[in-house]
Every structure is written in C-alpha cells, then in structure tokens.
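Under our numbering, the letters of the sequence shown match residues 555 to 656, in that order.
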Amino acid sequence: MKLFTKEVKNIVFDNYPFLCVIDQRPKNEFISFKIYPSNTKTSYFLILFSWKVNWATNLCQPRVCTKLIQHAVSSGWDYLNNDAIVKLDDGDFLIGQLGLDE
Numbered sequence: 555m556k557l558f559t560k561e562v563k564n565i566v567f568d569n570y571p572f573l574c575v576i577d578q579r580p581k582n583e584f585i586s587f588k589i590y591p592s593n594t595k596t597s598y599f600l601i602l603f604s605w606k607v608n609w610a611t612n613l614c615q616p617r618v619c620t621k622l623i624q625h626a627v628s629s630g631w632d633y634l635n636n637d638a639i640v641k642l643d644d645g646d647f648l649i650g651q652l653g654l655d656e
C-alpha cells in the first residue's frame with residue numbers, strides 16, 4: 555500500500571547533491587515535487603502534478619527523481635544561483651516525455 559505523505563530524497567546528479575521533497579499529502583490539491591540544490595533553500599525547481607500521476611509512476615523512486623533533476627537542469631534552471639526559482643504548474647506531460655512510467 556502506498557502511503558501519501560511528504561518524503562525527502564537525497565540525490566546526487568552530475569556529482570552535485572540535491573534534495574527532493576515530494577509532498578503527496580491528501581490535503582493538497584496537487585502533488586508537489588520540489589528540487590533544492592544542497593547548498594541553499596532559496597533556490598528551487600517546483601513541479602506540480604495532478605493526482606492521476608500516481609497511477610502512472612512513483613515519484614519517490616530515485617530513478618524518477620534523477621530524471622526530474624536532469625530535466626530541471628537541461629531546462630535552464632541555474633541551481634548554483636541562490637535565487638533561481640522555477641515553477642512548472644502542470645508537470646503531467648513529463649511522465650510520458652521523460653519515460654517516468656517505465
């Protein structure tokens with residue numbers, strides 16, 4: 555049984571540590587996936603997913619976290635900048651585009 559909670563994952567991508575916070579608490583309208591570089595909490599990349607995404611993938615898997623970090627960086631997110639904030643309001647398309655449902 556899958557628990558709907560707030561989970562934190564430490565992921566290293568391209569020799570740089572990141573923190574992924576996946577908030578799947580039922581009180582929220584969307585699932586939020588927030589990526590922080592390890593050196594700051596003022597820079598982040600936020601992706602909002604609809605609840606139907608839970609049927610396609612497990613956002614808490616390290617492989618999925620890594621692919622989402624890779625997407626954030628390749629999209630131009632400058633995680634080394636302390637004030638780099640990016641928000642993607644509808645990330646559902648990323649499931650198929652990045653192969654997160656495999």
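For every residue, glycine included, the Cβ atom is placed at its ideal position computed from N, Cα and C.
Euclidean distance between Cα positions of residue i and residue j
| i | j | result |
| --- | --- | --- |
| S604 | S597 | 23 Å |
| I623 | I589 | 7 Å |
| N569 | F587 | 21 Å |
Identity of the residue in the options nearest residue i by Cα
| i | options | result |
| --- | --- | --- |
| T559 | F572, I589, N612 | N612 |
| V575 | N564, E583, D646 | N564 |
| T620 | L652, K581, R579 | L652 |
| K641 | L602, P591, V566 | L602 |
| N636 | V618, P571, S592 | S592 |
Residue i, enclosing alpha helix (DSSP H) - first and last residue
| i | result |
| --- | --- |
| V627 | 616 to 628 |
| L648 | 647 to 651 |
Continuous beta strand (DSSP E) stretch holding residue i: start and end
| i | result |
| --- | --- |
| F587 | 585 to 591 |
| F567 | 560 to 567 |
| D577 | 570 to 577 |
Exposure of residue i, with buried meaning 16 or more beta-carbon neighbours within 10 Å
| i | result |
| --- | --- |
| W609 | exposed |
| Q578 | buried |
| V607 | buried |
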